[in-house]
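Trainee: Chains as they are written, first to last, in the working numbering: chain A, 15 to 417; chain B, 25 to 233. Ideal placement from N, C-alpha and C gives every residue a C-beta, glycine not left out.
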Amino acid sequence: MIHQYSGISPKGDLLLLQKLGEKLENKSFLHINSTKAGGGVAEILQRMIPILSDLGVDAKWEIITGDDRFFDITKKIHNALQGNPEVITESMWEYHFDVNKRNAELMDLDADAVLIHDPQPAPLIEFRKGGRWIWRCHIDVSNPVQEVCEYLKRYCEKYDAAIFSVAKFARAMAVDEFIITPSIDPLSEKNRELSDEEIQETTERLKIPVDRPIILQVSRFDRFKDPLGVIKAYRTVKKYNDCILVLAGSPATDDPEGEVVLNEVREYAENDPDVHILLLPPFSDKDINALQRISSVILQKSLKEGFGLTVSEAMWKGKPVIGGATGGIPLQIVHGVTGFLVHSVEGAAYRIRQYLNNPEMALRMGEKGREYVRNNFLITRQIRDYLSVWYSIEHKEKAILEL
Amino acid sequence: MNILKATGLRARTLSELRDGIAAVSDESIFHHTYQYFLKGHILEHTNDFAHWAGESIEERALAEHLSNIDVYDFRNIGELRKELLRVIDGYLEGFPTPREAIAGNEFYFNETKILTFPIGLKAENLAEFLIAVKYIDAGSLYYHFYEARVRLGGGVDDFSAWIDRVLGKHGLAQKISSIDPFMHNIEGIREHIVEAVEEEVKKDMEVID
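(1) Any residues in the stretch 209-232 of chain A with a beta carbon nearer than 9 angstroms to a beta carbon of chain B? Which ones, in chain order?
(2) What separation, rounded to the nearest whole angstrom, lies between the Cα atoms of LEU129 of chain A and GLY54 of chain A?
(3) Which one of B:ALA87, B:GLY144, B:ASP113, B:HIS56 has the shortest CA to CA distance from HIS69 of chain B?
(4) Hey, would you say PRO99 of chain A sits closer than 8 angstroms to ARG388 of chain A, going by beta carbons?
(5) Leaving aside the five residues before and after HIS473 of chain A along the sequence, list all residues of the same chain whose C-beta is less than 7 angstroms from its C-beta, in chain order.
(6) For ASN134 of chain B and PHE54 of chain B, what's the separation of their Cα atoms in angstroms?
(7) Given that a residue counts as buried once 16 or more other Cβ atoms are within 10 Å of its Cβ, and exposed if not, what is GLY192 of chain B?
(8) Flag ASN134 of chain B as yes if its beta-carbon sits less than 8 angstroms from any beta-carbon of chain A, otherwise no.
(9) At a Cβ cut of 7 angstroms, what residues of the stretch 47-61 of chain B count as close to chain A, listed as they run along the chain?
(10) Which value, in whole angstroms, describes the spacing of the CA atoms of ASP299 of chain A and ARG206 of chain A?
(11) Assess, as a yes-or-no matter, whether the stretch 133-147 of chain A is touched by the stretch 189-206 of chain A under the definition of 3 or more beta carbon pairs within less than 8 angstroms.
(12) Whole angstroms is fine: what's the gap from THR79 of chain A's alpha carbon to LEU120 of chain A's?
(13) Smallest Cα separation from ARG367 of chain A: which of A:PRO334, A:GLN306, A:GLU273?
(14) Look up HIS152 of chain A in the DSSP assignment and say whether it is helix, strand or coil.
(15) Identify whether ARG484 of chain A lies in helix, strand or coil by the three-state DSSP scheme.
(16) Between the stretch 320-328 of chain A and the stretch 218-226 of chain A, are three or more C-beta pairs nearer than 8 angstroms?
(17) In terms of alpha-carbon separation, which member of A:GLN214, A:ARG384, A:LEU261, A:VAL159 lies closest to PRO287 of chain A?
(18) Please report how far the alpha carbon of GLY102 of chain B lies from the alpha carbon of VAL174 of chain B, in whole angstroms.
(19) With burial defined as no fewer than 16 other Cβ atoms inside 10 Å of the residue's Cβ, what is the status of THR121 of chain B: buried or exposed?
(20) How is the beta strand (DSSP E) around ILE27 of chain B delimited, first residue to last?
(21) Indicate whether at least one CB of chain A lies closer than 8 angstroms to the CB of ILE27 of chain B.
(22) Would you say GLU191 of chain A lies against chain B (beta-carbon separation less than 8 angstroms)?
(23) Would you tell me roughly how many angstroms separate the C-alpha atoms of ASP72 of chain A and HIS45 of chain A, rounded to the nearest one?
(24) For VAL244 of chain A, tell me which candidate among A:GLY272, A:GLN214, A:ASP210, A:ILE291 has the shortest Cα-Cα distance.
(25) Using alpha carbons as the reference points, say which of A:ILE58, A:ASN255, A:SER209 lies closest to ASP301 of chain A.
(26) What runs of the alpha helix (DSSP H), each 4 residues or longer, lie entirely inside the stretch 261-328 of chain A?
(27) Please name the residue or residues paired with GLY338 of chain A in a DSSP beta bridge.
(28) In chain B, which residues lie less than 9 angstroms from GLY26 of chain A when you measure between Cβ atoms?
(29) So LYS179 of chain B contacts chain A; which residues on that side make the cut at Cβ distance below 8 angstroms?
(30) Taking the straight line between their C-alpha atoms, what separation do you get for GLN96 of chain A and ILE155 of chain B?
(31) For the ligand FAD, is there a heavy atom less than 7 angstroms away from the beta-carbon of SER105 of chain A?
(32) Should ILE22 of chain A go down as buried or exposed, given a rule of 16 or more other Cβ atoms within 10 Å for buried?
(33) I need the straight-line Cα distance from ALA304 of chain A to ALA197 of chain B, nearest angstrom please.
(34) Evaluate GLU108 of chain A with the Cβ neighbour count: other Cβ atoms within 10 Å of its Cβ, from every protein chain shown; 16 or more gives buried, anything less gives exposed.
(35) Taking Cβ positions only, does ALA30 of chain B come closer than 8 angstroms to chain A?
(36) Can you name the start and end residues of the alpha helix (DSSP H) that LEU38 of chain B belongs to?
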């Protein structure tokens, strides 16, 4: 499994993974989250568990189960941590705890290290049997509803460490806090190399012309992704450069606003034959991969963003990117080096024109972007970091660890 | 290789940055100054404090002052910390109060845990060294060219120390140790070392009849 990444991931990462694997050989590493499929956490765990096993670590993955009421409560907690005004009552917190307690009775929590993903299973810490416990927060908690954050902190501070995706998401807590950015898998269906035939199959089926430059944004139809701003920017560009705009997203079943926004976008596009609005079914990874590979410029013009891994996906394909300067996007786009950060529709339009009129610059920045992703945002680096955190907790007293 | 840790401390204003610099761990000061070059690309500045002053609160003059601090001039982090505070205090006295950083652009104090490990390569002569320098990862170059100056003390990098001490090539060692560590990214450093070593290897191979 791990050998498949030779020649793709940095040599040092693979070597360090091997060394950490030797140190942690046969030790058990249990991951717990709340869904087996769908969402970025499950997606990365599906790939990570076999790699960990291949390294010699006894990797396990458990899912907590709950009823609709439980997930309704955890959705509210999630939203509150992201800053939406929500009230979580004492009885809701109690139910959150009770469901975790029932899960703890059914699960084998005995492991050398336990990584708990997100708030849903956070109370499991109360049923710890031993080993190192780490809480992994995938959510942007830079501006949370304070009461909800404080309540959850009671659980978090019982862990040996917490992990956040971006430094600005971390909270002041009485526990070691590590920063581990998310990652993409270069071998997954969404990122692997595609043959010309595979790409052609997608463009023909989706009826995307390839005779002119394509501007692409892949995202849910959500106002925070600013799809109308993208259309405005395209219209400005169109005055100077003939091009095609593709907005591709999947319907989000848990987001009632999605359809409203999609209709707004369709209306705003006014049947422009060069604007292609694609509502792709879930798991259209290969189609998204193909669309990214035929594009000239890829946008993620978000107004608010978690980490925005679609930027790394585009950069991995060597494409010039433009991203809104928000959330984790500035960590991926080094302005003027691996892409452009923008703060307005006008900025987006201007940068698209710059790329289209300077293909050499676009190519150069695309190549830099790909190398930047290789060194910072591949799954092997994320696994390396998880194992390093575990190993460093085992040797807490040392600032420099020699392997 | 480093693992990033958050300290939980953040600064929105220059005064808060100043107080943060006075209070954070040595590891945090080390990370925001010496480890700046691990980022792999050079921007306008030479450390995170200068970068934040220039980009987030747009105090260009302060960014210039902070960028000009040579971190290798100091014997320990305590001295470097004092110099950072001296520069910021001087600026706060002489200039109008700078604006606050906008939300999300605050300065976040971090620190790192360092993991070192042998990468399994050894060079016994200059030709092997040349191949190795071309092959190794950026992290390894950082460790031997930047981090060594602090680890060994005296501002000497591992490469020129080895070339001088083991191979006795004082001229080449001098050439490598005089590469300005602040003016290149890691790939730029690699190019300069390769260029200097290649020239030396060629010279050694030339046969004069």
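Mentor: Working from what's here:
(1) none
(2) 16 angstroms
(3) B:ALA87
(4) no
(5) A query on residue 473 of chain A cannot be resolved here, the shown segment of chain A reaching from 15 to 417 and no further.
(6) 10 angstroms
(7) exposed
(8) yes
(9) GLU51
(10) 10 angstroms
(11) no
(12) 10 angstroms
(13) A:PRO334
(14) coil
(15) Here chain A has residues from 15 to 417 only, and residue 484 of chain A is not among them.
(16) no
(17) A:LEU261
(18) 13 angstroms
(19) exposed
(20) 26-35
(21) yes
(22) yes
(23) 11 angstroms
(24) A:ILE291
(25) A:SER209
(26) 271-283, 299-308
(27) A:VAL356
(28) MET25, PHE141, ILE143, ILE160, ASP161, ALA162, GLY163, SER164
(29) A quick correction: the sequence has Gly, not Lys, at residue 179 of chain B. Here the premise fails: no neighbours, minimum Cβ distance about 19 angstroms.
(30) 50 angstroms
(31) You won't find the ligand FAD in this model; it holds no ligand whatsoever.
(32) exposed
(33) 50 angstroms
(34) exposed
(35) yes
(36) 38-47
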